[in-house]
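**Student:** Got a structure here, written out as structure tokens. Questions coming.
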Amino acid sequence: MAEPVIETQRLSKDYWLGAHVVHALRDVSVTIAAGEMVAIMGPSGSGKSTFMSILGCLDTPTAGRYLLQGRDVSQLDDDDLARSRNAKIGFVFQQFNLLPRLSALANVQLPLIYSDRPAGEQRRRAQARLAEVGLGDRGHHRPAELSGGQQQRVAIARALVNDPVLFLADEPTGNLDTRTSLEIMAILQSLNRRGITIVLVTHEEDIARHARRVLHFRDGLLIGDERNAHPIDARAARAPAAMAAAGA
Amino acid sequence: MRLQGTARLALAAMASNKSRTGLTMLGVIIGVAAVVTMMAVGAGAQARVAEQIRSLGSNLIIVLSGSITSSGVRLGSGSQLTITEDDARAIEREIDGVQAAAPTVRGGVQVVAANANWSTATFGVTPEFFDARDWTVASGRPLGQDDVDGAAKVALLGQTVAQNLFGAASPVGETIRINKVPLTVVGVLARKGQTGQGQDQDDAVLIPLSTAKKKVLGTSQANARAVAAILVKIRRPEAMKPAEAEIRTLLRQRHRLQPGQDDDFTLRNLAEMLEAQEASSRVLSLLLAAIASVSLVVGGIGIMNIMLVSVTERTREIGLRRAVGARRHDILAQFLIEAVTVSLTGGLIGVAVGVLGSWTIAHFAGWPAPIQVRSIVPAFVFAGAVGVFFGFYPARKASRLSPIDALRHE
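Heads up: the sequence lines are chains A and B, in that order.
Using our numbering, the final residue of the first sequence is 248, and nothing's skipped along the way.
Using our numbering, the final residue of the second sequence is 658, and nothing's skipped along the way.
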């Protein structure tokens, strides 16, 4: 088995709400190898969002260790966490979170301005990533001028622009219709085939079935870790959608 | 590279909300324009005072015949002529640093020329007078020692007198009559303007001291050598104080005054008086600038207000930037750059408006308002500082947001 990208050891996260403690995450130990595609499921309040935040270096655990590519990041300071997010992690959100005033290309370029790459290279990379998600000709459009599926593809291009080792998607299809959701899942699967490690949070069984592995959370505990030998291939459903998109 | 990218984003954010950015900027524009204009107006006031100092003749000490007590009643200064031409000579001879000491007498007279007449003051003077007062002639010639020695019946007219008696025509060579004495006009004095008290210095006729005493104004019965005043011009400003003290000592000796006895003369240091005026006008211009600065500070508060709104509105954006790798100081820099760009752009426009405003005041109100480079640069720098100061709190607030909370912000 490949070297683990993610390794958590008895990860816990407590919040204080007034006088009492909320145990958002309790003793979660998971190892995710490079090249895996993992879906995380669970009802709201199950701890899956907290787990994602910690995996994404947006938050630090109260107890336990989190090794990202073998490096303990659970005790890093704010600036080092920001550097890790920039260099190693790509995020996609349910709300897309594109900056409305910037063009699609500038949105994709956003993580690069917080790295130290030269301006010309930034532009070339952003343009290349945009082309990979099929929007090479839409770089100058503002997010409002794009459909929901297109916006999420811009967000995916943005997440990929810095060649992350870990791609995190938080309900990436939550705001999209079924057909567009499949398009997005097809893109994620093709990324995964190229060797990118993907972790996505979803509450839809249909979406989770695209992943080879599904983690179930409840009340802050990891209660299930299933392997799915035969994930759905979104490409089967994608063909007509792509044709429709081309015609549109 | 990072900073450049951040700056470009800040500019894009500002450009995307033009009316808000413009209105925020307006506060700074008005503040800076007010500072520049007020400083120019203040400098104009100071320039006027300086001009008055020059017009009176700088470094001038005036010795006036002092008050005397007559039958227990103290009379005003000049009530009796207690100083003499000889005192003037003595001052010139015995006191260091004296450039000229000019004895003068003065009288209010009615001047007649052909069928025009004019009420004015006539001064009996010696050639030293022109030196002491820094006064030159515009046409004709000044009075010479010959005129004084021979009690010549000649006169120099001030601009106002010349204007009122002869209109536009040249008075040189014409005859005027003062107290029935015919005098030939030999010249017209250069324009002096008004004193700080609004007195028209050009409303005067100068005649030789001897002529004034013997023929026109009459002599003091007690002392034919007596004069009303001596104008003492000192070479260097720093010699004014010691010279004043020495003149006092000298005159007390010459007038044989006992210790404890009051002076029978009065010393006036005009430069000192005008310096006080200049100081008060400087305070005034500083006050104007201070008031204008308050409006600049108010403009800064406007920036802070809008920046705080902007931080709240863009909480999700901040969260996203943090998620893709922005560090706290990247966010801080972004918002600070926005604030400083608003304030500096406002400062630049404000300087332009201020220059235009000063020019308008100078042009239409007839008040000199020279643009002060030393006001433009600090006003501009101050505007930038206002941006940093008032932008810092909102920017810090933005940079302190937790990325997760910011991302979940609705």
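No residue lacks a Cβ here, since even glycine has one placed at the ideal position from N, Cα and C.
For clarity, every value in this text was computed on a predicted model and none was experimentally measured.
Which same chain residues end up closer than 7 Å to E376 (chain B) when comparing Cβ atoms and leaving out the 5 residues on each side of it in sequence?
**Tutor:** Only A348, A349 and A350 meet the Cβ criterion.
**Student:** Apply the 10 Å Cβ neighbour rule to E183 (chain A) and answer buried if 16 or more other Cβ atoms are within range, or exposed otherwise.
**Tutor:** By the 10 Å Cβ count, E183 (chain A) comes out buried.
**Student:** For A239 (chain A) and T180 (chain A), I'd like the C-alpha separation in whole angstroms.
**Tutor:** The pLDDT assigned to A239 (chain A) is 49, lower than 50, so where the model puts this residue is not dependable, and the model offers no usable value.
**Student:** Which residues of chain B have a Cβ atom closer than 8 Å to the Cβ of D249 (chain A), listed in chain order?
**Tutor:** It is not possible to answer for residue 249 (chain A), since the shown part of chain A is limited to 1 through 248.
**Student:** Short of 7 Å in beta carbon distance, which residues of its chain neighbour G247 (chain A), apart from the five on each side in sequence? Order them along the chain.
**Tutor:** Unreliable placement is indicated for G247 (chain A), whose pLDDT of 38 sits below 50; the coordinate value is still reported in the next sentence. There are no such residues.
**Student:** Name the residues in the stretch 90-119 of chain A whose C-beta lies less than 9 Å from a C-beta of chain B; which are they?
**Tutor:** Answer set for the stretch 90-119 of chain A: G90, F91, F93, Q95, N97, L98, L99, P100, R101, L102, A106, Q109, L110, P111, L112, I113, Y114, S115, D116, R117, P118 and A119.
**Student:** Suppose you measure from the CA of L17 (chain A) to the CA of A24 (chain A); what does that come to, to the nearest Å?
**Tutor:** Answer to the nearest angstrom: the Cα atoms are 11 Å apart.
**Student:** Which one of A:A208, A:T31, A:I223 and A:R194 has the shortest CA to CA distance from Q69 (chain A)?
**Tutor:** Closest by alpha carbon: A:T31.
**Student:** Can you give me the start and stop residues for the alpha helix (DSSP H) that A144 (chain A) sits inside?
**Tutor:** Where A144 (chain A) is concerned, there is no enclosing alpha helix (DSSP H), given that its DSSP letter is neither H nor E.
**Student:** What residues from chain B crowd round A53 (chain A), counting only those whose CB sits closer than 8 Å?
**Tutor:** For the sequence presented, residue 53 (chain A) should be read as Ser rather than Ala. I652, listed in chain order.
**Student:** Could you compute how far the alpha carbon of A242 (chain A) sits from the alpha carbon of A631 (chain B)?
**Tutor:** At A242 (chain A), the pLDDT of 47 sits below 50, so the modelled position is not reliable; the number obtained from the coordinates is stated separately. Roughly 55 Å separates the two Cα atoms.
**Student:** What residues of chain B sit near R142 (chain A), judged by a beta carbon separation below 7 Å?
**Tutor:** Within chain B, no residue comes near R142 (chain A); the closest Cβ sits about 10 Å away, beyond 7 Å.
**Student:** Report buried or exposed for H210 (chain A), applying the criterion of at least 16 other Cβ atoms within 10 angstroms of its Cβ.
**Tutor:** It is buried - the Cβ of H210 (chain A) has at least 16 other Cβ atoms within 10 Å.
**Student:** I'd like to know whether the C-beta of A82 (chain A) is nearer than 8 Å to at least one C-beta of chain B.
**Tutor:** For A82 (chain A), the answer is yes, since a Cβ of chain B falls inside 8 Å of its Cβ.
**Student:** Taking Y15 (chain A) as the reference, give the member of A:L55, A:I6, A:T62 and A:A39 with the closest Cα.
**Tutor:** Among A:L55, A:I6, A:T62 and A:A39, the Cα nearest to that of Y15 (chain A) belongs to A:T62.
**Student:** A261 (chain B) versus chain A: which residues are under 7 Å apart at the beta carbon?
**Tutor:** Those are R101, listed as they occur along chain A.
**Student:** Between R268 (chain B) and chain A, is any beta-carbon pair separated by less than 8 Å?
**Tutor:** Chain A contact via Cβ: absent.
**Student:** Could you tell me the boundaries of the beta strand (DSSP E) in which H140 (chain A) lies?
**Tutor:** H140 (chain A) -> no beta strand (DSSP E), and no H or E assigned at all.
**Student:** Work out the CA separation of A234 (chain A) and R212 (chain A) for me, nearest whole Å.
**Tutor:** Distance between the alpha carbons of R212 (chain A) and A234 (chain A): 13 Å.
**Student:** Quick check on A245 (chain A): does DSSP put it in helix, strand or coil?
**Tutor:** Here A245 (chain A) scores only 47 on pLDDT, less than 50, and its place in the model is too uncertain to base an answer on.
**Student:** Measure from the C-beta of T589 (chain B) to each C-beta in chain A and report whether the shortest distance is under 8 Å.
**Tutor:** T589 (chain B) does not count as touching chain A.
**Student:** Taking its Cβ as the centre, do 16 or more other Cβ atoms sit within 10 Å of V280 (chain B), making it buried, or is it exposed?
**Tutor:** Burial call: buried.
**Student:** Of the residues A:V199, A:A186, A:A157 and A:R129, which one's Cα is nearest the Cα of L168 (chain A)?
**Tutor:** Nearest C-alpha to L168 (chain A): A:V199.
**Student:** Let's test the definition: count the other Cβ atoms within 10 Å of the Cβ of L655 (chain B) and tell me whether it reaches 16, buried, or not, exposed.
**Tutor:** So L655 (chain B) counts as buried.
**Student:** Counting only Cβ-Cβ distances shorter than 8 Å, please list the residues of the stretch 47-72 of chain A near chain B, keeping chain order.
**Tutor:** Answer set for the stretch 47-72 of chain A: S53, G56, L58 and D59.
**Student:** So for K428 (chain B), helix, strand or coil by DSSP?
**Tutor:** DSSP places K428 (chain B) in coil when its eight states are reduced to three.
**Student:** Got a sec: is the Cβ-Cβ distance from A571 (chain B) to anything in chain A below 8 Å?
**Tutor:** So yes, A571 (chain B) belongs to the interface.
**Student:** Rounded to the nearest angstrom, how far is the Cβ of T459 (chain B) from that of G372 (chain B), given a contact under 8 Å?
**Tutor:** Indeed, because the Cβ distance is near 7 Å, the residues count as touching under 8 Å.
**Student:** Nearest CA to the CA of A293 (chain B): which residue from B:A364, B:V385, B:P490 and B:L522?
**Tutor:** Closest by alpha carbon: B:L522.
**Student:** Tell me the rounded alpha-carbon separation between A157 (chain A) and L130 (chain A).
**Tutor:** About 6 Å.
**Student:** Can you check DSSP and say which residues form a bridge with V433 (chain B)?
**Tutor:** Per DSSP, B:A403.
**Student:** Between which two residues does the beta strand (DSSP E) holding S387 (chain B) run?
**Tutor:** First-last of the beta strand (DSSP E) with S387 (chain B): V385 to G388.
**Student:** Can you list the alpha helix (DSSP H) stretches of 4 or more residues lying completely in the stretch 138-197 of chain A, in chain order?
**Tutor:** The qualifying runs are 148-160 and 178-193.
**Student:** Under DSSP, the alpha helix (DSSP H) around S84 (chain A) begins and ends at which residues?
**Tutor:** From DSSP, the alpha helix (DSSP H) with S84 (chain A) extends over D78 to K88.
**Student:** Pick from B:T408, B:S418 and B:P651: whose alpha carbon is nearest that of G441 (chain B)?
**Tutor:** Looking at the Cα atoms, B:T408 is the closest of the given residues.
**Student:** What residues in its chain sit with their C-beta under 7 Å from that of G392 (chain B), if we drop five residues either side in the sequence?
**Tutor:** Around G392 (chain B): P375.
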